[in-house]
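S.K.:
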Amino acid sequence: DLAIGTNSTAGQSSATHGYASGGLTSPTSDPERNFIQKFTFATNGNATDISNLTLSRDMPSGQSSIGNGYGYTSGGSLGASPNLQYDRIDRFPFASDDDATDVGNLTVGRYGPSGQSSTTHGYTSGGFITTNIIDKFSFAADGNATDVGDLTAGRYMYSAGTSSTASGYATGPSLLVDKFPFSSDANATDVLNLTATRIFAAGQQI
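First residue of the sequence shown? That's 1 in our numbering, and the numbers climb one at a time after it.
1. Who are Gly112's beta bridge partners in DSSP?
2. Mapping the DSSP letters down to three states, classify Pro181 as helix, strand or coil.
3. Which residues mark the beginning and the end of the beta strand (DSSP E) in which Gly149 is found?
4. In the DSSP assignment, find the unbroken beta strand (DSSP E) run with Ile89 in it and report its ends.
5. Which one or two residues does DSSP pair with Phe39 in a beta bridge?
6. With a cut-off of 8 Å on the beta carbons, I'd call Thr107 and Thr152 a contact; round off their distance for me.
7. Taking the alpha-carbon positions, what's the Ser167 to Phe180 distance?
8. Could you spell out the range, first to last residue, of the beta strand (DSSP E) harbouring Val137?
9. Sort Ser13, Ala20, Gly104 and Asn105 by Cα distance to Ala47 and report the nearest one.
10. Please state the DSSP three-state secondary structure of Leu78.
11. Figure out for me which residue from Phe92, His121 and Gly154 has the closest Cα to the Cα of Arg110.
12. Hey, out of Ile66, Ala202 and Thr130, whose CA is closest to Ser118's CA?
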């Protein structure tokens, strides 16, 4: 179990642990949370609430830099005010249970984007309001993201982010699976279809 039941969180992975950051604990009068929860891959067991993001938010995207040892939480919103869309990029360490720090901004504030990770950069693609932007930010240094390409279509907040060693993928909420390269800044291409349309899907990375 998670330490605190949440939905609409971002996910990150180190070599040894999984993380869930931000999200909602509705129904409450103030449902957005800044929790960073952590659980181990080595054994079965519950997660622990280890630290906090710089601000509470729901529906952010997550990125992971295993080589540099950090997790990232980007974008999101204040759910009670959906027009308040955050552009903040938070970073937290895998080596210690410390709070996140604000290390940069997305090119456009948005919630519900999908997150992807190469070995050197984090990506935030799509999001509300139905944008097709692919943003990229460096793991090596703190700084703002840059707009490096477009998805084949605007994605409202239900797409999932997946990463291979060479490419990022944005899947759903339609049947579309978009793929974009990590080696160059380029637009995505539609490479295949899901077996069924779905919303709020989860993505994985290797």
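All C-beta atoms in this analysis are idealised placements derived from N, C-alpha and C, irrespective of residue type, glycine included.
M.R.: So, from the listed chains and residues:
1. Residue pairing by DSSP places Gly112 in no beta bridge whatsoever.
2. Here Pro181 sits in strand by DSSP.
3. Thr146 to Arg155
4. Arg88 to Pro93
5. Gly18
6. Not a contact, Cβ separation roughly 19 Å.
7. 6 Å
8. According to the sequence provided, residue 137 is Phe. The question's Val does not apply to it. Start and end: Thr131 to Ser138.
9. Ala20
10. strand
11. Nearest neighbour of Arg110 by Cα position, chosen from Phe92, His121 and Gly154, turns out to be Gly154.
12. Ile66
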